Amino acid sequence: NLPVSELAAACDKYPKPEGHVYSYGTAGFRTQSKWLESVVFRVGVIAALRSKRHSSKFIGVMITASHNPEDDNGVKIVDPRGEMLPTDWEPYCTTIANAPDAASFLVALDDLCSKFKIDVSKPCKVIYARDTRPSGLALVAALQLGLKAIGCEAIDEGIRTTPQLHYLTRATNTEGTKDDYGVPSIPGYYEKLANAYKRLIRRRDDTPLVVDCANGVGAIAMKELLEYLPKDFQVTLANTDVFVPGVLNHLCGADFVKTKQELPPSLKGVLKPGHRGCSLDGDADRLMYFYLDPKGGFHMLDGDKIAALIAGYFVDKVKLCGFKEPPRVGVVQTAYANGNSTKYIQKTKGLPLVCVSTGVKHLHHAAEKFGIGIYFEANGHGTVLFSSDTLDTIRNHEPQTPTQDDNTKDLKALVDLINSTVGDAISDMLLVEVILNHLRYDAQAWDSLYTDLPNRLVKVLVRNRDEFQTEDAERRLTHPADLQKFVDSQVAKYPDGRGFIRPSGTEDAVRVYAEAASRFEADQLANYLAGWTY
Ligand code: 16G
Ligand code: ZN
């Protein structure tokens with residue numbers, strides 16, 4: 015049985031704030047940090063139960079609010095293979111977080127245990143980390159109390175990027191097995207990436223790369239990684255003020271670049287025309303590239319451009335290996351993907367492509383259906399998945415020529431370079447650098463794969479976002495009645511026009527997206543659509 019009195023006593027130390035309603039959404043629980051202590055305490059208990067459910071494997075807990083403001087924070091649960099918590103647990107998490115007192119908290123835990131047939135007598139293990147937010151320390155204390163109350167073995171990984179925690183969770187669980195994912199330590203993570211990078215990179219006589227670390231945990235990880243990389247990997251790290259209050263994600267980082275579509279002011283004069291720059295977000299799971307043209311004009315290379323680059327590269331790589339049955343390379347996008355990126359991947363490259371709802375769990379799931387599945391959100395979150403069949407194919411392949419041999423070795427190293435557990439800005443950055451190096455592309459050559467259709471994203475605050483319901487991977491509304499008809503009638507007026515309205519999964523707002531042949535038209539369409547929503 016559950017240690018009821020310990021759990022009740024601990025629960026009373028972190029009373030749920032009255033009137034506040036929590037929901038386990040796309041990114042776990044996320045809100046202003048001052049509301050989160052009771053939630054994080056309870057997540058500790060849930061994670062321990064999830065471990066019991068999973069034959070006592072390690073479950074990950076990450077405390078972060080990613081690209082959101084510094085005063086926010088959040089918490090999410092990571093499954094044994096580094097994946098997101100399955101959606102059927104989400105409503106139980108929500109109920110447990112909202113239980114008004116210790117007695118109802120215990121009832122909600124019992125419901126979870128009976129629903130998922132959890133054997134509470136099993137041992138449990140949790141591994142956790144947090145980003146650099148000042149509120150993280152108090153939240154870790156709450157988490158620790160939850161873990162202690164239920165008698166959970168725990169590993170504190172301190173301040174780490176979200177993808178590092180995903181890596182550690184999977185590597186810890188697979189150590190010494192057939193699916194061994196790597197040495198389950200932070201040095202093990204850096205060594206895995208750096209060794210793969212060294213195998214892959216050809217002579218590097220390139221311009222230095224500027225990395226905007228968003229003043230977050232990515233700055234720490236980048237500095238540590240550089241110790242493992244060859245000295246000719248020339249980078250300039252910017253926005254590395256990790257412990258200066260108020261600067262995290264402020265006027266910098268991947269989300270700033272994607273939403274403003276401009277250079278972070280702190281990079282003016284740092285990024286030279288023709289050179290590449292990239293921005294990480296606050297927990298280093300999103301990546302945006304960009305460059306300045308000779309006239310100083312800003313050009314963004316977003317998640318779609320990254321996906322196009324990677325997909326084209328992999329499809330050619332696979333051909334060069336000479337497999338008898340080559341793995342099927344496919345791409346997963348969301349409704350936000352630029353129309354011309356979709357066209358490029360499907361028409362120019364002839365690759366299968368599917369569109370799914372926003373959120374990593376949807377993309378990840380769809381990408382698992384390909385032999386090599388490349389998924390990216392336009393916002394820069396993404397990775398590449400290799401099916402177990404594909405891994406077997408690569409492992410057992412007997413190349414017939416030196417070229418095939420060389421390319422197969424490359425492919426093996428690419429598997430190691432990529433953090434397949436979740437989008438990882440640092441691993442993705444190394445992957446992009448390797449591909450550009452192999453193709454001898456500079457930023458402009460990469461950018462010219464296709465031209466982005468001008469687009470605009472508008473946020474509209476609404477009283478109840480639940481009134482907005484969608485179908486067809488969030489591309490069409492079913493509710494409110496007739497709103498989709500209005501969207502269709504507006505979109506039809508614009509050449510290359512496309513637009514949709516979807517409820518946010520993380521804020522009380524709906525998002526309106528529009529793209530069209532010109533900047534003026536994209537803005538106009540977005541504004542019309544947003545106007546109706548009011
Ligand atoms: C979360 C998602 C991200 C998505 C965003 C959309 C994960 C780990 N993160 O941050 O992938 O793009 O939500 O937010 O799934 P929205 O629903 O508010 O537009
Ligand atoms: Zn993030």
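As numbered in the UniProt record's numbering, residues 15 to 548 make up the sequence shown, in order. For every residue, glycine included, the Cβ atom is placed at its ideal position computed from N, Cα and C. Model, not experiment: these values are computed from the prediction.
So what does DSSP say about residue i, is it helix, strand or coil?
| i | result |
| --- | --- |
| residue 548 | Residue placement at residue 548 is flagged as unreliable, the pLDDT there being 47, under the threshold of 50; the coordinate-derived value follows with that caveat. Reduced to three states, the DSSP call for residue 548 is coil. |
| residue 493 | strand |
| residue 482 | coil |
| residue 293 | strand |
| residue 523 | strand |
| residue 131 | coil |
| residue 13 | This structure cannot settle anything about residue 13, because the visible part of the chain is limited to 15 through 548. |
| residue 359 | helix |
| residue 150 | helix |
| residue 343 | strand |
| residue 353 | helix |
| residue 55 | helix |
| residue 378 | helix |
| residue 66 | helix |
| residue 537 | helix |
| residue 200 | helix |
| residue 462 | coil |
| residue 187 | helix |
| residue 455 | coil |
| residue 155 | helix |
| residue 383 | coil |
| residue 327 | helix |
| residue 209 | helix |
| residue 273 | helix |
Would you report the Cα separation of residue i and residue j, rounded to the nearest angstrom?
| i | j | result |
| --- | --- | --- |
| residue 417 | residue 335 | 8 Å |
| residue 508 | residue 470 | 14 Å |
| residue 110 | residue 380 | 29 Å |
| residue 300 | residue 524 | 22 Å |
| residue 202 | residue 447 | 21 Å |
| residue 548 | residue 495 | Low per-residue confidence applies at residue 548: pLDDT is 47, beneath 50, and the placement is therefore not dependable, though the value from the model is reported in the following sentence. Roughly 14 Å separates the two Cα atoms. |
| residue 440 | residue 292 | 10 Å |
| residue 1 | residue 20 | The structure shown does not extend to residue 1, since the chain spans only 15 to 548, so no value can be given for it. |
| residue 217 | residue 119 | 59 Å |
| residue 53 | residue 77 | 11 Å |
| residue 99 | residue 283 | 43 Å |
| residue 401 | residue 74 | 23 Å |
| residue 415 | residue 423 | 12 Å |
| residue 333 | residue 221 | 30 Å |
| residue 310 | residue 249 | 20 Å |
| residue 238 | residue 208 | 11 Å |
| residue 23 | residue 116 | 8 Å |
| residue 303 | residue 515 | 27 Å |
From the DSSP secondary-structure annotation, give me the bridge partner or partners of residue i.
| i | result |
| --- | --- |
| residue 141 | 74 and 169 |
| residue 320 | Looking at the DSSP assignment, residue 320 forms no beta bridge with any residue, so it has no partner. |
| residue 86 | 46 |
| residue 529 | 469 and 512 |
| residue 313 | 305 |
| residue 558 | The displayed coordinates of the chain run from 15 to 548. Any statement about residue 558 would go beyond what the structure contains. |
| residue 517 | 524 |
| residue 390 | 396 |
| residue 348 | 370 |
| residue 92 | 74 and 98 |
| residue 39 | 42 |
Just to confirm before moving on: does the CB-CB distance between residue i and residue j stay below 8 Å?
| i | j | result |
| --- | --- | --- |
| residue 296 | residue 81 | yes |
| residue 231 | residue 175 | yes |
| residue 464 | residue 350 | no |
| residue 294 | residue 228 | yes |
| residue 167 | residue 136 | no |
| residue 47 | residue 108 | no |
| residue 278 | residue 226 | yes |
| residue 196 | residue 185 | yes |
| residue 251 | residue 233 | yes |
To the nearest whole angstrom, what separates the beta carbons of residue i and residue j, a pair I think is in contact under 8 Å?
| i | j | result |
| --- | --- | --- |
| residue 489 | residue 518 | Actually they are not in contact, since the Cβ atoms of residue 489 and residue 518 sit about 16 Å apart, beyond 8 Å. |
| residue 511 | residue 530 | 5 Å |
| residue 123 | residue 16 | 6 Å |
| residue 177 | residue 438 | 3 Å |
| residue 461 | residue 286 | Rounded, the Cβ-Cβ distance is 16 Å, inconsistent with contact. |
| residue 432 | residue 397 | 6 Å |
| residue 347 | residue 314 | In fact, because the Cβ distance is near 17 Å, the residues do not count as touching under 8 Å. |
| residue 142 | residue 171 | 7 Å |
| residue 492 | residue 481 | About 11 Å; that fails the 8 Å criterion. |
| residue 214 | residue 126 | That pair is no contact at about 45 Å. |
Taking 7 Å as the line, does the beta carbon of residue i fall inside it for any heavy atom of the ligand GDP?
| i | result |
| --- | --- |
| residue 374 | Among the ligands in the structure shown, the ligand GDP does not appear; only the ligand 16G and the ligand ZN can be found there. |
Let me see if you follow: with CB-CB separation under 8 Å, is residue i close to chain C or not?
| i | result |
| --- | --- |
| residue 335 | Protein chains in the displayed structure number just one, and chain C is not present. |
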